[in-house]
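Below is one structure, written out as C-alpha cells; the observations come after it.
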Amino acid sequence: MAVTRLDRLFILLDTGTTPVTRKAAAQQLGEVVRLHPHELNNLLSKVLTYLRSPNWDTRIAAGQAVEAIVKNVPEWNPAPRPKDEESCEDLSPEESSCDRLSFLHFDISRLLKHGASLLGSAGAEFELQDDKNAEMDPKERLSRQRKLLQKKLGLDMGAAIGMDTDELFNDEDLDYSGARPQGRGTPGCSARNHVPMQAAELIDSEFRPGMSSRQKNKAKRMAKLVAKQRSRDMDPNEKSNDSFEGEPEEKRRKMTNIVIDQPATENKVLIDNVPDNSCLLEETSEWPLESFCEELCNDLFNPSWEVRHGAGTGLREILKSHGAGGGKLVGSTADQMLRQHQEWIEDLVIRLLCVFALDRFGDFVSDEVVAPVRETCAQTLGVALRYMTEGGVSMTVEVLLNLLKEAQWEVRHGGLLGIKYALAVRQDLISSLLPRVLPAITVGLQDLDDDVRAVAAAALIPVVDGLVQLLPTKVPFIVNTLWDALLDLDDLTASTNSIMTLLSLLLTYPQVRQSSMQQSLTVLVPRVWPFLRHTISSVRRAALETLFTLLSKADQNCSMWINPILQDMLRHIFQCCILESNEEILELVQKVWIELLSQAPQQFVVAASCPWMGAWLCLMMQASHIPIDLNMLLEVKARSKDKSGAKARQGGGPVKETVQEYIAGAETVTDDSITRDYVVVRARLMAAKLLGALCRCICDPQLNSSSQELRPAESLGQLLLFHLNSKSALQRIAVSLVLCEWAALQKDCQLVSSLVQPRLLAILSEQLYYDEIAIPFTRMQNECKQLIALLADAQIDIKDRLNCSVFTIDQANDLVTSIFSECTSLLSSKSKQWQCLDSKRQQAQSTVMETNSEWQQLHLRVHMFTACAVINLQVLPEKLNPLVRPLMETIKREENTLIQGYAASFIAKLLQQCAGRSPCPNPKIIKNLCTSACPVVYVLDLADRLISKAGPFAAAGIMVGSIYWTAVTYGAVTVMQVVGHKEGLDVMERADPLFLLIGLPTIPVMLILGKMIRWEDYVLRLWRKYSNKLQILNSIFPGIGCPVPRIPAEASPLADHVSATRILCGALVFPTIATIVGKLMFSSVNSNLQRTILGGIAFVAIKGAFKVYFKQQQYLRQAHRKILNFPEQEEV
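Under the numbering used here, the sequence shown is numbered contiguously, ending at residue 1149.
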C-alpha cells in the first residue's frame, strides 16, 4: 500500500534525525486535526503508540504531537443548563463522583503497604513471546530464553572476548513454567509473605466503590461502537455483502469514505488499522479527550517505565491547553460542571500521587539521579494544581507530606518533587502552603540521601522571597543547615548545585546575613573552597556568586573575617581563574577578585600576596600542553559525614584519583589547536588583569615609603625584571601582560617602570631562540647533521658552503632547499641513493618548517605584548618602528582573534599618544592599516561592480518570474473555478507537471488575446452595409438604414490607455462572470464546465448586442452633428 503523507509524518515522529525534524512533524499533525477535526480520536490513538515507545526521543516528539493536536481542539466549555430546569438524567453528587478517585476514600498508607512497586519493567522483554512456546521442549525453551536474555543484556559478545557468561544465571532463573500468582511479587514484599497487588487493581478495588449508572451506560455505548468498528475493519474478503445492512445509505457512504475507500493521495489523509471513533463525539455528551486521558491514566501504572513516562508527558500537554474543561458534561448546571471538573482534577491528582508512592525507577547519570517518571508526573501535577481549589491543593500537600515520612528514599524524593512544583505553581497560596511544608523541607535538607537533599533545596529556590518575608525566624536555621551541608558535599553529590544556588540566593538579603550567622564567616567561607573547582559550571558560578554576595553586600567592615583567610581566598580565586574555561565564570572571578582587594586592608593584601606573587606568575606562564604541578595548587579536602542510611551507588566507596590539571581547564585539552589556544590566551589575559589589580595594591605609595628598608614595589620590580631576563617566551609574555594591566590602572609608579622600561625596549630589538622551541630545535639540529652525514657518504662535501656546529633556522632551511638541490643535481632522481637522500631531506624540511612556525609565533607574540607594555607605560622611544611593526604584523598574521583585538586596541592607544608628537607618525600608521585592509576593499569593490551590472538583469528576471508564476496561479484558480474545486484539483493532479507549467500560463494569455478580438465592430459594419436590405431591422431600430450626411472618424481602440486596461481587467474577470451567469441562467445544468461555458456564451452575446446598439447610436449622433457659426454681436 502507498505511504501517505500522514504515514510519513508518523515515520518522522519516530525516526527523525534531529529534534527539530521531529518537532516539525508534530506541528504538522496538529495541522491535520485543524483541517480534519473528525480524525481527532484516530490521530490520538496513533500517537498513543508512540507515547509508549521505548525510545526517549520518540516519546518526547509524541508529547509535542499531543500538544500540537490538543491546541487545535476547541476548548471544552459546554453551556450550563439553567438551575430551574428539572431533568430525570440529573446526577446527584454521590452518583457522579462514585467512579472517580477522591481524597475522601484515598489512603496513601494502604497503597504503600499493599501496592506493588513500579520498577523499570516487569521483565516481560526477557521472556519468550512466541505462541508456540507451550509446545516447545523444555530444554529447547530454556536454551532459546537463555540466548534471548544474553542478547538483551549485551552478553552475546562475551564468548568472542573470552568471557564465560553461563554462570551469571542458571536454568532456575529462567524457569517460569510454574503457576504465577495474580500479582507479580517485588523485592519489596513484607515478611508476612503477602503478594503486593498491582497498582491499578488496588486502586479499583480499594478506592473506587463501583461504577455509576452513567459509567455503565457509557461502557455499553463504547461496547456497541467497538462492535461496529470491528465489523467495519474486517478483511474485505471475509466480510459479507450485508455487513452494512440496516444502516442508512448516507451514513454508510460517510463511513466508507473515511475509513475504507479513502484514496491514498497527497491531499487526503488515510489511516489504516486504527478504530474510527469520530462518531463518539456525536453520540456522547462528554469531553472529547476523556477516553484518551483515561487511557493515559491507566498507563501511569504500567510496569514499564517508558510507558509511565509517556503517559505523564501526554497528560501534561493536555492539561496545559484543556485543564480547565476536563470532566464537564453537557446538560449540567454551572455548579455541577464546577463539581465535575474538580472531581476529574482530583482523580488525576490522586493517580499522580500514587505514582510518587510506588515508582522506584531511577538511573544514575553523572553526579545525580535521573527519575524521569517522577519528574514528569511532578510537572503534570504542577499543571493540574493550577485548576484545583484551595481545599484540593491543601489535601494534595497533605498526602505529599505523608510521603516524606516513608523510609524509601524514592518515596521521599517523589514527595519533595510534588511539593517543589506545588510551591512554584501556586504562588498565590504561598502564605498558607509554605508554613506547612517548610518543616518537612528542612528535614529533607538534612536527609541522608543527597538526591533528596537536592530536591529539598530546589523546592525552596522559587519561593526564596516568600520564605524571607513570611518566615524570617526559620531562615537562620535553614542557612546554617546549608552551611553545614557544604561539609558533606563533593564532586559526586547530587545536591551540590541546588544547595549552593539556594545559599547564594538567601545571602543576597541583608536581614538574612545579619541574623543567620551563628558562626563567624572565617569558619563558614572556607567551606566554599572545594566548589570553586567543581566539575559542574553552575556549581562554580554559584560558589563565586556566594563569595561576591558576602563581599559586596556586607553591612559592616569585612576585615574581621577576611584577614584570617585572606591568603587562602586569594590563592583559591587565582587558581580558579587559571583553571577556568568558561568566559562568564572568568568575568565573575574578576568581579570577586576586585571586590576582595577593595574590602580587605591594603597592608594585609600585600602581606598575603607577596609570598605567592612568583608562584602566581609561574601558573600564568604555564605551557598549555604540560600539566600543572599539583604542589603549586591549593588542595582542599572536603570533610564528609557518615551516610549509612543513604542509598548505595554502584562502585562502593568513593575513590578519588589524582587528576591532572591544565591551564584553562583539562576539558579543553582535547579541543582543536585553535580553540585550545583561544581559551588559554583568554585565561592568561584574565590572570594578567587580576595580577595587574594586585600590583596596584603592592605599589601603593603609602606602603612604599622611602624610610622602609625593603619596599614591596621594589621587590615586585625585581621579580618582573628576573622573568624579563629569561629566555622563555611565556615568561616575557606573562610579565608584559601584567605590566600592561597594571599600567592601565596606575600611572605614577616610577619605581617599577624605571626598572623594567630599559629591558622592555631591549626585548623589542632581540632575535632569540626561546626555551619553548628547545625540543623541535634540537630535533632540527640532529636531522640536519644526519642529512650532512648521508651527503658525505655519497661523496658530496658541503663544508665549504655550510660549516657550523649549531644551525640557525635560516641555515637549516638553506640546507634542505637550495644547498641540497645544487649538491644533488648530478644524481639521478631514480637512483636508490638519491631517493634515500631525498627522504631524509623531506623529514628534515618538515622539522625545520615546524620549528620555524613555532618560533615565528612566539617571536611575534613576545614583541607584540612587549610593545603593548611600553605603550601603556607611556614612555615611547624616539624610533617607533620597533613598536609599530609587531602590532601591524599581529593584525595581519595572527590567527587568534583575542590577540588581534588586543593589538588593535593598543594601536589606537599609540595613535592617541602620538597625536601631539612632531613629526606625527599617525598618517603613516593609518596608511599601513589601509594597505592591510586593501584586499578586503578590493573584494568589496569588485562585488559592488558585479552587483551593479547584474542588478537590472536580476530585476528583469524577478519581474518575468513573478508574472509567470502569477499567470500559473491564475490559470490554476480559473481551472478550479470553471470545472469545479474538487474536479479541478483532481484534473491537475492527474495531469503531467510539464503540461501544467506550460498550459496554465496560457489561460490568461488566451483570455487577453480573445478580449482583443473586436467582433462587435465586424458585426456593426455588416449591419450598416446590409441594413437597408433588412426591413425588419428598420422597423425595430428606426433610422438605421437611412443615409447619413457624413461619416465620422473612429479612433483606434488600442490607442487609448483606458481601453487597454479595460481589456486586461475584462479578460481576467471573464471566467468569474461566466461562472456567475451560468449559475443564474443555467442552474439546471449539472456539469460545472457546461454551465460555465453556457454562461460565458450568454454573457458575450448579451453584452455584444448592447455594445453594437450603443456604438451605432453614437455613430448616428456624430454623423448628424452640425457645426454652427458663432454670431458676432455689434458693439454698442
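Glycine residues also receive a C-beta, built at the ideal position from the N, C-alpha and C atoms. Nothing here was measured: the structure is a model prediction, and the numbers come from that model.
Item: Residue burial classification, Gln735 (beta-carbon count within 10 angstroms, cutoff 16); Value: exposed
Item: Residue environment, Leu1026, which counts as buried when at least 16 other CB atoms sit within 10 Å; Value: exposed
Item: For Asp376, the residue or residues it bridges with in DSSP; Value: Leu135
Item: Buried/exposed call for Ile691, threshold 16 Cβ in 10 Å; Value: exposed
Item: Whole-angstrom distance between Ala473 and Pro280, CA atom to CA atom; Value: Bear in mind that a pLDDT of 42 at Pro280, under 50, signals an unreliable position, so the model cannot answer this.
Item: contact_flag[the stretch 1084-1095, the stretch 987-997] where n(CB pairs < 8 angstroms) is 3 or more; Value: yes
Item: Nearest candidate by alpha-carbon position, reference Cys885, set Thr687, Val755, Pro91; Value: Val755
Item: As assigned by DSSP and simplified to three states, the class of Asn1142; Value: coil
Item: Which of helix, strand or coil DSSP assigns to Val892; Value: coil
Item: Whether Leu605 touches Phe565 by CB criterion (9 angstroms); Value: yes
Item: Opposing strand residues paired with Leu1081 [DSSP bridges]; Value: For Leu1081, which the question treats as bridged, DSSP gives no partner whatsoever.
Item: Backbone CA spacing between Thr397 and Thr406 [nearest angstrom]; Value: 16 angstroms
Item: Under 9 angstroms between C-beta atoms of Phe1116 and Phe1087; Value: yes
Item: Three-state secondary structure (DSSP) of Val752; Value: helix
Item: Exposure label - Thr991; buried when at least 16 CB within 10 Å; Value: buried
Item: Cβ of Met1023 within 9 angstroms of any chain B Cβ; Value: Among the chains in the structure shown there is no chain B, since it carries only a single protein chain.
Item: Nearest neighbour of Leu26, chosen from His55, Val64, Arg51, Pro54 [CA to CA]; Value: Val64
Item: Three or more C-beta pairs below 8 angstroms linking the stretch 417-435 and the stretch 351-360; Value: no
Item: Member of Arg403, Gly432, Tyr787 whose CA lies at the smallest distance from the CA of Asp376; Value: Gly432
Item: Buried versus exposed, by CB contacts within 10 Å (16 or more), Asn94; Value: exposed
Item: DSSP-derived helix/strand/coil call for Val1102; Value: coil
Item: Boundaries (first-last residue) of the alpha helix (DSSP H) holding Leu487; Value: 481-487
Item: Residues of its chain near Leu488, where Cβ-Cβ distance is below 8 angstroms and the 5 sequence neighbours each way are ignored; Value: Leu451, Pro452, Leu455
Item: DSSP three-state assignment for Val83, whether helix, strand or coil; Value: helix
Item: Identified DSSP bridge partners for Val698; Value: Val698 is not bridged to any residue.
Item: Cα-Cα separation, Leu30 to Asn1103; Value: 44 angstroms
Item: Arg699 and Ala681 closer than 9 angstroms at C-beta; Value: yes
Item: For Ser346, the three-state DSSP class (helix, strand or coil); Value: The amino acid occupying residue 346 in the given sequence is Leu; Ser does not appear at that position. Residue state, collapsed to three classes: strand.
Item: Spatial neighbours of Glu334 in its chain, beta-carbon cut-off 7 angstroms, leaving aside the 5 residues before and after; Value: Gly80, Val83, Glu84, Val87
Item: Own chain residues within Cβ distance below 8 angstroms of Val879, not counting five before or after; Value: Ala746, Arg749, Ile750, Ser753, Ile780, Tyr787
Item: Beta-carbon separation (whole angstroms), Val410 vs Leu369, contact threshold 8 angstroms; Value: So it is not a contact: roughly 13 angstroms between Cβ atoms.
Item: Element boundaries [alpha helix (DSSP H), containing Lys63]; Value: 57-68
Item: Simplified DSSP assignment, three categories, for Val90; Value: coil
Item: Endpoints, alpha helix (DSSP H) assigned at Thr118; Value: For the record, residue 118 in the displayed sequence is Leu; it is not Thr. It is not in any alpha helix (DSSP H) - Leu118 carries neither H nor E in the DSSP assignment.
Item: Backbone CA spacing between Thr21 and Leu365 [nearest angstrom]; Value: 36 angstroms
Item: Span separating the alpha-carbon of Pro729 from that of Leu720; Value: 8 angstroms
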